[in-house]
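Engineer: Note that the sequence shown covers residues 33 to 486 in my numbering.
Heads up, the beta-carbon is just placed ideally off N, CA and C, and yes, glycines get one too.
These numbers were taken from a predicted model, which means no experiment stands behind them.
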Amino acid sequence: MSDLTLHAALDDQAWHARQHGEDKHRRHDLRTPYQRDRARILHSAAFRRLQAKTQVLGIGLNDFYRTRLTHSLEAAQIGTGISAQLLQKHADLAPLLNTNSLIESLCLAHDIGHPPFGHGGEAALNYMMRNDGGFEGNGQTFRILTRLEPYTLNWGMNLTRRTLLGMLKYPATHQQLYIDTAKPEINNFRQLKPLEWQSVKGIFNDDQDSLNWVLDCLSEQDKARFITSEQSAVGTYPHLKTRFKSLDCSIMELADDIAYAVHDLEDAIVMGIVNQSHWQLAVVEQLVQINDKWLSKEIDVITNKLFSHEHHLRKDAIGTLVNAFVTAIDIEQDADFDQSLLKYNAVMQADFAQALHILKQFVYQYVIRKPEIQMLEFKGQQIVMELFEAFACDPQRLLPVNTQNRWLLEQENGSGMRVIADYISGMTDEFAGRLHQQLFGPKSTGIFELSLER
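Here is the structure:
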């Protein structure tokens, strides 16, 4: 496709549009629309709170490992690296790929909807919202960007349409994807098993209008295909999953996966959670079966450096792994889409995609599923569910005044439970813990020490 055709297919005016328009004309502001999006994300309260939200390991156990904030920064660096590599390989797609500020925005914002206490907090909120549209971190991210973050009165950060399209990892609503498995409700919060109450990966029904606006400039054929879903063939996930993502989203998701698999691995090694025998059994023995020449040649060197006592050698191994995955990414074309942003997707070469999957499974099995980590998640679940129950029993007594006002407005159209989920999901791990102590612990925090307004 020629540059001219690409520009025509992109229709910059439509993709630069904002839901509320834009009435800010600041002195000598020469930034691109995507640079302005990035600034809004960086300066948002939702982004700042990532510094005190669990990534994999619980906040407060150590001052070395990654939080959701540092993870997002690393994902942004990897994302721009992927874009640079793709631009070198596909110069003809420069109008699509020459958007570092956009990719940074997506990577910086991709986790801002995740609640306190990691997946334990997400499972807890999803259970508490089981009769009110569920809860899922990616759906909450979209909601923050389009409605909640107070950059504007009612349109959140009021980002460009293309940035919001890039945030849509699952571009369909809860009602389109939910499958009722008729599970009985639990008798006690202690009995909640997250795997039995998995979130629907999609946009909340309440945010259908925002989703419609993002997809408005697609052709009817592209729109209908883009939101299609299918039964997941992986694991025990019970609901439907969407099939497609935009080019920008595919880059962001690969960057997220690489940051998770490689950098969280580094944390686990440094803290002694995994050792070389774990690695040899669960990773090396599987990687050598892939029969990739580079992996076969380098894996022993990488292993020795990863588990070296020399910090600079371990960092070199981490950099080698990241570079290997980034340079193994290419562009795949789907001719059934008309819109260029949907037609092209970033994909990892099969051998390295398999290697990345092995690393992700290693982190999941030896770190996330480690009983000590699961105990922290379990405790977080209890905190979140008990906070939700308290607020839901008497919102006009316990919720902060601003949140009470939102709850009253939502009562006109529904139950108001979404407002409670919004409030709790925006908390940091520490704030949720202190608030729980205030409500249920023997000691109370002083009234001036705990500000409820967020």
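1) What whole-angstrom Cβ distance do Thr86 and Gly150 have, given they're in contact under 8 angstroms?
2) Is the beta carbon of Ala84 less than 7 angstroms from the beta carbon of Thr460?
3) Given a cut-off of 7 angstroms, decide if Gln308 and Phe490 are closer than it, judged by their beta-carbon atoms.
4) Please report the residue range of the alpha helix (DSSP H) in which Asp296 lies.
5) Whole angstroms is fine: what's the gap from Glu285's alpha carbon to Ile176's?
6) Answer yes or no: do Ile73 and Ser133 have a C-beta to C-beta separation smaller than 7 angstroms?
7) With DSSP as the reference, please indicate the residues paired to Glu364 in a beta bridge.
8) Going by CA-CA distance only, name the one from Asp44, Val358 and Ser264 that's closest to Pro127.
9) Looking at the structure shown, is Gln469 part of a helix, part of a strand, or coil, going by DSSP?
10) If you draw a straight line from the alpha carbon of Gln120 to that of Leu129, how long is it in whole angstroms?
11) Inspect the CB distances between the region 311-331 and the region 406-414 and report whether three or more fall short of 8 angstroms.
12) Leaving aside the five residues before and after Asp289 along the sequence, list all residues of the same chain whose C-beta is less than 8 angstroms from its C-beta, in chain order.
13) Counting pairs of Cβ atoms below 8 angstroms between the region 101-118 and the region 52-69, do you hit three or more?
14) Helix or strand or just coil, what does DSSP make of Ala107?
15) Please look up how many angstroms separate the CB atoms of Leu209 and Asp280, rounded, as I've assumed it's under 8 angstroms.
16) CA-CA distance, Asn237 and Thr435?
17) I'd like to check one pair, Asp383 with Ile322: are the Cβ atoms closer than 7 angstroms?
18) Please confirm whether Ser278 and Asp370 have their CB atoms less than 7 angstroms apart.
19) What is the DSSP secondary structure of Arg162, counted as helix, strand or coil?
20) Can you list, in chain order, the residues of its chain with a C-beta nearer than 6 angstroms to that of Ala464? Leave out the 5 residues immediately preceding and following it.
21) Give me the residue from His142, Glu418, Trp439 and Asp348 with the minimum Cα distance to Arg466.
22) Hey, quick one: how far does the alpha helix (DSSP H) through Tyr442 stretch, first residue to last?
23) Once the 5 residues before and after Ile218 are set aside, which same chain residues still bring their CB inside 8 angstroms of it?
24) Please work out which residues of its chain come closer than 6 angstroms, Cβ to Cβ, to Gly169, disregarding the five sequence neighbours upstream and downstream, and give them in chain order.
25) Would a C-beta distance cut-off of 7 angstroms place Ile114 and Val358 closer than the cut-off?
26) Please name the residue in Lys201, Ala256, Tyr455 and Met449 whose C-alpha comes closest to that of Asn524.
27) Applying the 10 Å Cβ sphere with the 16-neighbour rule, what's the burial state of Ser76?
28) Could you name the residues that DSSP lists as bridge partners for Gln318?
29) May I ask you to list the residues that DSSP assigns as paired with Lys225?
30) In the DSSP output, which residue or residues are listed as bridge partners for Gln263?
31) Smallest Cα separation from Val354: which of Ala256, His57 and Gln117?
32) Looking at the structure shown, is Thr205 part of a helix, part of a strand, or coil, going by DSSP?
33) Would you tell me roughly how many angstroms separate the C-alpha atoms of Ala123 and Ile301, rounded to the nearest one?
34) For the alpha helix (DSSP H) that Gln413 lies in, which residues bound it at each end?
35) Can you grab the Cα-Cα spacing for the pair His468 / Cys425, in whole Å?
36) Specify the secondary structure class of Ile235 as computed by DSSP and reduced to three states.
Structural biologist: To lay it out plainly:
1) 4 angstroms
2) yes
3) Residue 490 lies beyond the range of the chain shown here (33 to 486); nothing can be said about it.
4) Asp296 to Val302
5) 19 angstroms
6) no
7) When beta bridges are read from the DSSP output, Glu364 appears opposite Asn377.
8) Asp44
9) Residue state, collapsed to three classes: helix.
10) 10 angstroms
11) no
12) Leu388 and Lys392
13) no
14) helix
15) Not really, about 22 angstroms apart at Cβ, beyond 8 angstroms.
16) 20 angstroms
17) yes
18) no
19) coil
20) Pro148 and Ile415
21) Glu418
22) The sequence given here places Glu at residue 442; Tyr does not occur at that position. It spans Val433 to Gln443 - the alpha helix (DSSP H) in which Glu442 sits, taken as one unbroken run.
23) Tyr159 and Leu224
24) Taken in chain order, the residues that qualify are Gly145, His146 and Glu154.
25) Cβ distance < 7 angstroms, so Ile114 and Val358 count as in contact.
26) The structure shown has nothing for residue 524, since the chain only spans 33 to 486.
27) buried
28) Bridge partners of Gln318: none, in fact.
29) Its beta-bridge partners do not exist; DSSP assigns none.
30) Leu272
31) If we check each option's Cα against that of Val354, Gln117 comes out closest.
32) strand
33) Their Cα atoms are separated by approximately 39 angstroms.
34) Pro403 to Cys425 is the extent of the alpha helix (DSSP H) around Gln413.
35) 15 angstroms
36) strand
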